[in-house]
Amino acid sequence: MLALQSGAPTRPTFWGIGPVGKAAFYYLAAVTIIVFLLGSYRRFARYAEGSKDPIPRLDNLPKRVLGAAQTVLSNRTLRDRDVVAGVAHAFVLWGFLTLLIATTILGIDMDFYRPLTGDSFFVGDFYLSYSFVADAMGLLFVVGLGVLLYRRYAAREGRLWGRHTSAEDDLFIWALFLLGVGGYLTEGFRILGQNYPDFETVSFVGWA
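The sequence shown begins at 19 in the numbering used here and counts up one residue at a time.
If you want it as structure tokens, here you go:
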């Protein structure tokens, strides 16, 4: 609020949302985290029930971890089999990770830094850089999901249907896509509601 009053480039958090909406947000966020942790615990507990692996998996651990990270973060194996799918999945992965980091940064500023210092680092050049990167990577996230949705529902590629798919798969990909698009719509309405501040051109998707 102090930054907004001083005229420094920034944006209000929870724009247009009252105390009830804020409480609902934190409640749902807590429930989501609990469900995620519970699901992760149950999955790993199920893995632990399996028979002992006869192959040593912890030998040369640093090399194994590095190789696995390179494969996952680059989508190398998928990209080698299907270039379009590999690139689309890379867009989704890196877009999602960037948005997760952006949300975490905002949470640190809003829930820890501001209460402790009475100030905010979510202003000025930092805010402008943050907004541009988040908008750009969020766009890749939405585009990647759009490509995957097209291949699944319009092109109806055979390997995306059948016994290997379920309603849960449909719900998951559509939820991600709608969250991405909804984020840009919310951003656009906020920029419109603030009468198009000049510095918000860095949020080029929401500005458009």
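Glycine included, every Cβ here is placed at the ideal spot set by N, Cα and C. Values in this document were obtained by computation on a predicted structure and should not be read as measured data.
Contacting residues, own chain, Cβ-Cβ under 8 Å from residue i (five flanking each side not counted)
i, result
"residue 32", "39, 40 and 43"
"residue 195", "160, 163, 164 and 167"
Alpha carbon of residue i to alpha carbon of residue j, nearest angstrom
i, j, result
"residue 132", "residue 29", "14 Å"
"residue 193", "residue 60", "23 Å"
"residue 151", "residue 212", "21 Å"
"residue 201", "residue 167", "18 Å"
"residue 54", "residue 46", "12 Å"
"residue 107", "residue 89", "13 Å"
"residue 179", "residue 114", "25 Å"
Three-state secondary structure assigned by DSSP to residue i
i, result
"residue 29", "coil"
"residue 148", "helix"
"residue 105", "helix"
"residue 47", "helix"
"residue 212", "coil"
"residue 76", "coil"
"residue 179", "coil"
"residue 70", "coil"
"residue 38", "helix"
"residue 100", "coil"
"residue 153", "helix"
"residue 165", "helix"
"residue 198", "helix"
"residue 226", "coil"
"residue 141", "coil"
Whole-number beta carbon distance between residue j and residue i, since they are thought to touch under 8 Å
i, j, result
"residue 153", "residue 221", "5 Å"
"residue 120", "residue 148", "7 Å"
Chain-order list of residues whose beta-carbon lies under 7 Å from that of residue i (same chain, five-residue window excluded)
i, result
"residue 206", "224"
"residue 140", "28, 124 and 127"
"residue 219", "225"
Contacts around residue i, its chain only, beta-carbon distance under 6 Å, and the 5 residues preceding and following it disregarded
i, result
"residue 93", "104, 107 and 108"
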